[in-house]
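Accompanying notes for the structure given below.
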Amino acid sequence: MFPVPEVEGKRRFHDFSLENDLMHAIADQGFEYCSPIQAQSLPHALQGKDVVGKAQTGTGKTAAFLTAIIDDLLKHALTEERYAGEARALIIAPTRELVMQIADDAKGLCKHTDLQIHTLVGGMDYNKQQNRLHNTLVDILVATPGRLLDFCRNKDVYLDQLEVMVIDEADRMLDMGFIPQVRQIVRQTPQRGERQTLFFSATFTDEVHRLVEQWTENPVTIVIEPESVATDTVKQHIYLASTEEKYTLLYNLIQDAEVESMIVFANRRDECRKLQDQLRRHGIKVGLLSGEIAQNKRVSTLNAFKDGSLKVLVATDVAGRGIHIDGISHVVNFTLPEEPEDYVHRIGRTGRAGKKGTSISFACEDDAFRLMPLQELLGHDLKCEQPPQDLLLATPPMAPPEKSEHRNHGSRRGPGAGRGRGRGQRRS
1 MFPVPEVEGK
11 RRFHDFSLEN
21 DLMHAIADQG
31 FEYCSPIQAQ
41 SLPHALQGKD
51 VVGKAQTGTG
61 KTAAFLTAII
71 DDLLKHALTE
81 ERYAGEARAL
91 IIAPTRELVM
101 QIADDAKGLC
111 KHTDLQIHTL
121 VGGMDYNKQQ
131 NRLHNTLVDI
141 LVATPGRLLD
151 FCRNKDVYLD
161 QLEVMVIDEA
171 DRMLDMGFIP
181 QVRQIVRQTP
191 QRGERQTLFF
201 SATFTDEVHR
211 LVEQWTENPV
221 TIVIEPESVA
231 TDTVKQHIYL
241 ASTEEKYTLL
251 YNLIQDAEVE
261 SMIVFANRRD
271 ECRKLQDQLR
281 RHGIKVGLLS
291 GEIAQNKRVS
301 TLNAFKDGSL
311 KVLVATDVAG
321 RGIHIDGISH
331 VVNFTLPEEP
341 EDYVHRIGRT
351 GRAGKKGTSI
361 SFACEDDAFR
371 LMPLQELLGH
381 DLKCEQPPQD
391 LLLATPPMAP
401 PEKSEHRNHG
411 SRRGPGAGRG
421 RGRGQRRS
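Per full-length UniProt numbering, the sequence shown starts with residue 1, numbered consecutively.
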């Protein structure tokens, strides 16, 4: 019912003895041939071996580790009575957006099974997540490190029966200071060798290598080098501008008829808040994504951006890493990123699904020192140019700021959350 012809040099999902319910979902999604990370990692992951993968975002690694997990859980169904909160597979990711994206992908691949997927992220109602854990068994748990630790400390989640653990975007978790929390989590899982570990990172520093040595056993290492560090479908501009000129450039860019939708990246939360406020006062439909925004607000903002209700999204790197939306016409680097790899992730938000995209970066005196390491990563010089004069036209007057603006940045769990049921209460 889902024929896929053999093609020399390509591996089909048909070529692995995947469970039929999983193959049904793969067929529904139209997946035929494996991406390089899938073709190279699946033969080993499906055998239960530890796998270490070096791969950029957008290479298909999420589908690779989800396919391995789901097939394993289906092939080794548990018949004995299980406890509430006892996870069979765990996926740790650094950001809320990435957790939600992985969970959505997992739900798509599990649609013809009875496997249960749970997400644990900060900024969402603790009691609601807690109640679902008590009432529904946990097959696949996708979580950010901090929120997962909260649930482990409160005896709402147990990791000692874990069969598969995935650590995704390890380099990003290092950058964000999450590794001490991840260490605490790993200590609660079965010892390496008694669990399967799938470890993914876009870059491999000495610290990442040390984590691999500590958390995996005889892993198979897969390295997928990007075909192009910066995608060929993105036209890149670097405009030389003073700090004072940056907002004027941004405002005039947004007025361009070619701009259908735009993500603006800045390095700091306060800078993003200021940009959102200025653009809103100029009558532009704009949303904000940063780590301080409550999760329900972030979800509604992303949905509004996807459906075109918002034309512009202002984001930090932390919030922007998990954005996968086709059709974004422009990306603007209001400030050049501190880490060169983040430039690649930022501009990769446009030029997706075969479409052309445009990336425009503003380089002032403070940004100049970031250009050299960026050019080293890209392997070529970046031409810096003076911005067109029409982008420097004076902006119209802004509306006055609101007299009182209340920002709800979300809260951690309240004192009434409680510790929930003890482990002795079973779910059959």
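We put the CB at the ideal spot given by N, CA and C, even for glycine.
Small disclaimer: the values here were computed from a predicted structure and weren't measured.
Buried/exposed call for residue i, threshold 16 Cβ in 10 Å
{"i": "F199", "result": "buried"}
{"i": "F2", "result": "exposed"}
{"i": "residue 450", "result": "No information on residue 450 is available, as it lies outside the stretch 1 to 428 that the chain covers here."}
{"i": "E405", "result": "Residue confidence is low: E405 scores 45 on pLDDT, short of 50, so the model does not pin down where it sits. Its coordinate-derived value is still stated next. With fewer than 16 Cβ atoms within 10 Å of its Cβ, E405 is classed as exposed."}
{"i": "S361", "result": "buried"}
{"i": "R407", "result": "Bear in mind that a pLDDT of 43 at R407, under 50, signals an unreliable position, so the number given afterwards is only what the model happens to contain. Flag for R407 reads exposed."}
{"i": "R210", "result": "exposed"}
{"i": "M372", "result": "exposed"}
{"i": "C384", "result": "exposed"}
{"i": "E86", "result": "buried"}
{"i": "L377", "result": "exposed"}
{"i": "V182", "result": "buried"}
{"i": "G351", "result": "buried"}
{"i": "E97", "result": "buried"}
Helix, strand or coil at residue i according to DSSP, with G and I counted as helix
{"i": "H330", "result": "strand"}
{"i": "K285", "result": "coil"}
{"i": "T221", "result": "strand"}
{"i": "K355", "result": "coil"}
{"i": "S404", "result": "Low confidence applies here, because S404 scores a pLDDT of 47, under 50, leaving its location unreliable and the question unanswered by this model."}
{"i": "Q276", "result": "helix"}
{"i": "H237", "result": "strand"}
{"i": "residue 433", "result": "The structure shown has nothing for residue 433, since the chain only spans 1 to 428."}
{"i": "G53", "result": "strand"}
{"i": "S361", "result": "strand"}
{"i": "H76", "result": "coil"}
{"i": "residue 429", "result": "A question about residue 429 goes unanswered here, because the residues of the chain that appear run from 1 up to 428."}
{"i": "L120", "result": "strand"}
{"i": "V164", "result": "strand"}
{"i": "L18", "result": "coil"}
{"i": "L115", "result": "coil"}
{"i": "V208", "result": "helix"}
{"i": "V264", "result": "strand"}
{"i": "F151", "result": "helix"}
{"i": "F13", "result": "helix"}
{"i": "V344", "result": "helix"}
{"i": "A399", "result": "coil"}
{"i": "T144", "result": "coil"}
Same chain only: Cβ atoms within 8 Å of residue i, ignoring 5 sequence neighbours per side
{"i": "F305", "result": "S261, G287, L313, I325"}
{"i": "V208", "result": "A170, D171, L174, S201"}
{"i": "L253", "result": "V259, M262, H330, V332, I360, L391"}
{"i": "K356", "result": "T233, V234, K235"}
{"i": "T243", "result": "C364, E365, D366"}
{"i": "P396", "result": "H282"}
{"i": "V7", "result": "Y33"}
{"i": "A241", "result": "L249, F362, A363, C364, P387"}
Pair within 8 Å by beta-carbon distance, residue i and residue j
{"i": "F334", "j": "L392", "result": "no"}
{"i": "A363", "j": "I238", "result": "yes"}
{"i": "G60", "j": "I37", "result": "yes"}
{"i": "D105", "j": "A63", "result": "yes"}
{"i": "T113", "j": "L74", "result": "yes"}
{"i": "M173", "j": "P219", "result": "no"}
{"i": "L279", "j": "A315", "result": "no"}
{"i": "G283", "j": "R269", "result": "no"}
{"i": "C32", "j": "D71", "result": "In the sequence under discussion, the amino acid at residue 32 is Glu, which differs from the Cys named in the question. Contact: no."}
{"i": "V234", "j": "S329", "result": "no"}
{"i": "H394", "j": "R281", "result": "The sequence given here places Ala at residue 394; His does not occur at that position. Taking 8 Å as the Cβ cut-off, A394 and R281 do not qualify as a contacting pair."}
{"i": "R11", "j": "A45", "result": "no"}
{"i": "A89", "j": "V121", "result": "no"}
{"i": "D139", "j": "I167", "result": "no"}
{"i": "D156", "j": "L133", "result": "yes"}
{"i": "R346", "j": "P337", "result": "yes"}
{"i": "E341", "j": "T197", "result": "no"}
Nonlocal neighbours in the same chain, by C-beta distance under 6 Å from residue i, ignoring five residues either side
{"i": "H14", "result": "V4"}
{"i": "I224", "result": "P36, I37, A55, T59"}
{"i": "C34", "result": "R11"}
{"i": "S41", "result": "V51, G53, A64, I222"}
{"i": "N296", "result": "none"}
{"i": "Q375", "result": "D381, L382"}
Cβ neighbours of residue i in the same chain (closer than 7 Å, five flanking residues each side left out)
{"i": "L250", "result": "V264, V332, F334"}
{"i": "D21", "result": "L74, H112, T113"}
{"i": "Q184", "result": "L149"}
{"i": "N303", "result": "none"}
Validate contact between the segment 38-55 and the segment 212-221 using beta carbons, cut 8 Å, 3 pairs = yes
Do the segment 187-197 and the segment 160-174 touch if we need at least three Cβ pairs shorter than 8 Å?
-> Three or more beta-carbon pairs separated by less than 8 Å link the segment 187-197 to the segment 160-174, which places the two stretches in contact.
Should the segment 267-282 be regarded as contacting the segment 79-87, the criterion being three or more beta carbon pairs within less than 8 Å?
-> no
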